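Residue numbers (this note's numbering): 363 to 910.
Here a beta-carbon is modelled for each residue, glycine too, at the ideal position from N, C-alpha and C.
As the structure is a computational prediction, the values presented were derived from the model and not from experiment.
Here's the structure, in structure tokens; my notes come after.
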Ligand code: TEU
Ligand code: CA
């Protein structure tokens with residue numbers, strides 16, 4: 363059988379790329395202060411090269427008071443000393459290039475830190491030239507402009523007595539929202555981005571970009587009326603001057619506006635990073651802490667919708683995990699008996715689809731959630747939620763259960779490199795406790811085991827590079843009402859990829875959605891022995907390739 367090699371010269375490079383997300387403070391500590399840093403990342407580049415990834419999305423490393431772990435930036439053109447220096451950053455960009463890995467910088471443009479020079483100026487007086495860089499409302503201390511709430515608890519309005527004004531913040535009080543209506547703000551931002559482009563970065567991830575065009579007077583946060591106008595100007599003034607990958611984080615995306623964010627004409631971003639598949643284990647209309655069992659049928663429908671509606675007219679990111687989400691193997695897989703099988707199944711299901719896959723650090727090892735006492739959590743969202751719900755009268759047990767399942771710190775525990783002290787992450791007590799299962803789950807042992815989750819991810823990445831059908835194949839969902847199985851094909855002219863995944867801890871026999879010819883190739887599977895094609899053991903996953 364002929365093997366199809368992608369010589370994807372007509373494709374933008376990021377279409378067959380795989381991105382690896384690093385949360386720097388938890389990846390590798392090089393100077394033994396218990397916090398991950400840039401030199402630590404440089405040391406681990408050979409590991410990432412081995413995995414086969416093309417780019418690193420680096421969560422923010424700019425100067426920051428770290429109220430929200432770097433998503434509160436006080437200087438966009440300097441590195442926080444905790445992570446190193448600007449020279450270290452240049453070194454990372456240059457060294458990564460030698461490994462054919464590009465660095466994607468995380469741009470937090472919706473808000474700055476309240477310790478940013480602009481905000482320090484802005485709050486000096488109403489006539490200060492920087493005052494309009496932020497969003498202010500006159501008022502009295504006892505009456506807020508409206509009842510809008512901030513994502514990390516409390517009102518979205520913070521009183522500044524010296525000015526007799528409130529400022530607007532969608533996240534913590536230390537993250538005042540920037541005023542994108544002000545052309546001076548936009549120009550400052552563009553110049554800063556061009557400066558990063560000159561340093562040789564490979565692209566940008568745009569934090570909560572759907573929220574920049576807010577209209578607080580009308581209660582509008584995401585998808586404001588000027589949003590796409592702003593994004594198109596941003597793209598024109600910056601990204602379009604380079605060969606970059608750009609990805610817009612948009613919790614408020616739907617398939618219609620996603621076609622704008624990821625318009626193939628390049629007028630906005632390369633791709634959208636949206637979350638519709640992520641919220642399916644919470645009660646509808648409630649908060650992420652209000653748990654509900656995962657609706658698997660809905661999950662399949664959501665994937666189906668995005669796969670078919672963006673086909674040929676948009677581009678999606680494929681992800682299960684990031685630094686804001688619990689670990690997928692604990693969430694929708696099985697983190698005990700079938701940890702290895704279910705981690706591989708989830709990877710298969712995701713990497714078989716169209717889009718650019720993202721692997722969040724440790725996902726390639728099947729790292730799991732943690733179950734700490736409240737004093738061991740570090741995340742502002744988690745800590746605020748704990749106090750807010752206690753005050754509201756929730757039982758402590760119930761709150762802690764939500765935190766164990768959903769806290770962002772599940773993703774933020776240090777990378778498990780080895781069974782050595784502190785998991786090979788550091789030689790001292792890290793900023794957040796290490797998951798005690800590092801003795802069993804770590805990179806060193808998986809690198810020695812050809813059947814490990816690590817090598818399974820490596821193989822998925824290689825397949826994507828070898829068969830262009832992973833990039834361009836058209837998606838069809840089968841067995842859409844089946845409660846356990848997700849089955850889909852990707853087709854491209856006479857070629858077919860058939861992906862079959864058992865999502866649950868039972869053995870199932872199915873009617874194969876399409877017949878598999880005898881001269882097929884089984885490209886990958888998470889069970890080493892094979893039984894008949896229509897039987898799937900717990901969490902079994904397979905990808906077949908054949909010609910029609
Ligand atoms: O996240 C956007 C966002 O909306 C999340 O804060 C979300 O509300 C929360 O994580 C759900 O639990 C981005 C960053 O990824 C996140 O780390 C930042 O805290 C946030 O923006 C503010 O910059
Ligand atoms: Ca360090």
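Per DSSP, the beta bridge partners of residue 857 are 854, 909. Taking 8 angstroms as the cut-off, the beta carbon of residue 711 is found closer than this to the beta carbon of residue 903. Those residues whose C-beta sits under 5 angstroms from the nearest heavy atom of ligand 2 are, from N- to C-terminal order along the chain, 391, 393, 395, 397, 399. Contact between the region 435–453 and the region 471–478 is present: three or more C-beta pairs spanning the two stretches fall below 8 angstroms.
Remark: C-beta atoms of residue 565 and residue 608 approach each other more closely than 8 angstroms. Pairing residue 777 with residue 390 gives a Cβ-Cβ distance under 8 angstroms.
DSSP lists 565 as the bridge partner or partners of residue 607.
Here residue 834 is buried. Its C-beta has 16 or more other C-beta atoms within 10 Å. In this structure, the beta-carbon distance from residue 819 to residue 726 falls below 8 angstroms. In this structure residue 379 is buried. Its beta-carbon is surrounded by 16 or more other beta-carbon atoms within 10 angstroms. The residue from 877, 876, 844, 582 with its alpha-carbon nearest to that of residue 864 is 844. Of the residues 431, 485, 547, 535, the one whose Cα lies closest to the Cα of residue 525 is 485.
In the same chain as residue 600, and ignoring 5 residues on each side of it, the C-beta atoms closer than 8 angstroms to its own belong to 552, 555, 556, 559, in chain order.
Within its own chain, the residues whose Cβ lies closer than 8 angstroms to the Cβ of residue 634, once the five positions on either side in sequence are excluded, are 609, 610, 612, 615, 620, 623, 624, 676, 677, 678, 679, listed in chain order. In the DSSP assignment, residue 545 falls within the alpha helix (DSSP H) that extends over 545–560. Comparing C-alpha distances from residue 396 to each of 647, 488, 793, 830 shows the shortest one belongs to 793.
Scanning its chain for C-beta atoms nearer than 6 angstroms, with the 5 sequence neighbours on each side dropped, one finds around residue 728 the residues 691, 701, 705, 815, in chain order. Closest by C-alpha distance to residue 509, out of 522, 469, 580, is 580. Nearest in C-alpha terms to residue 417, of all of 466, 427, 386, is 466. Linking residue 517 to residue 505 through their CA atoms gives a straight-line distance of about 11 angstroms.
The alpha-carbon separation between residue 402 and residue 639 amounts to approximately 33 angstroms. Residues 662, 711, 863, 865 of the same chain have their beta carbon placed closer than 7 angstroms to that of residue 848, with the five preceding and five following residues left out of the count. With 16 or more neighbouring CB atoms inside 10 Å of its own CB, residue 861 falls in the buried class.
Not one heavy atom of ligand 1 lies closer than 7 angstroms to the C-beta of residue 609.
Between ligand 1 and the CB of residue 763, the shortest heavy atom gap is not smaller than 7 angstroms. Taking the Cα of residue 799 as reference, the smallest distance to any Cα among 813, 809, 790, 782 is reached at 782.
Set against 7 angstroms, the gap from the CB of residue 576 to the closest heavy atom of ligand 1 is not smaller. Within the model, the alpha-carbon separation for residue 722 versus residue 411 is close to 15 angstroms. If you look at residue 637, you'll find it isn't in any alpha helix (DSSP H); DSSP assigns it neither H nor E. Around the beta carbon of residue 752, fewer than 16 other beta carbons sit within 10 angstroms, so the residue counts as exposed.
Secondary structure in the region 670–725: the beta strand (DSSP E) runs of 3 residues or longer, each lying completely within the stretch, are 718–722 in chain order. Leaving aside the five residues that flank residue 885 on each side, the residues in its chain whose CB is nearer than 6 angstroms to its CB run, in chain order, 825, 905, 907. Excluding its 5 nearest sequence neighbours in each direction, residue 713 has C-beta neighbours in its own chain below 6 angstroms: 719, 822, listed in chain order. Note on geometry: alpha-carbon atoms of residue 550 and residue 398 lie some 30 angstroms from one another. Minimum Cα-Cα distance from residue 764 among the listed residues 698, 645, 724 corresponds to 645.
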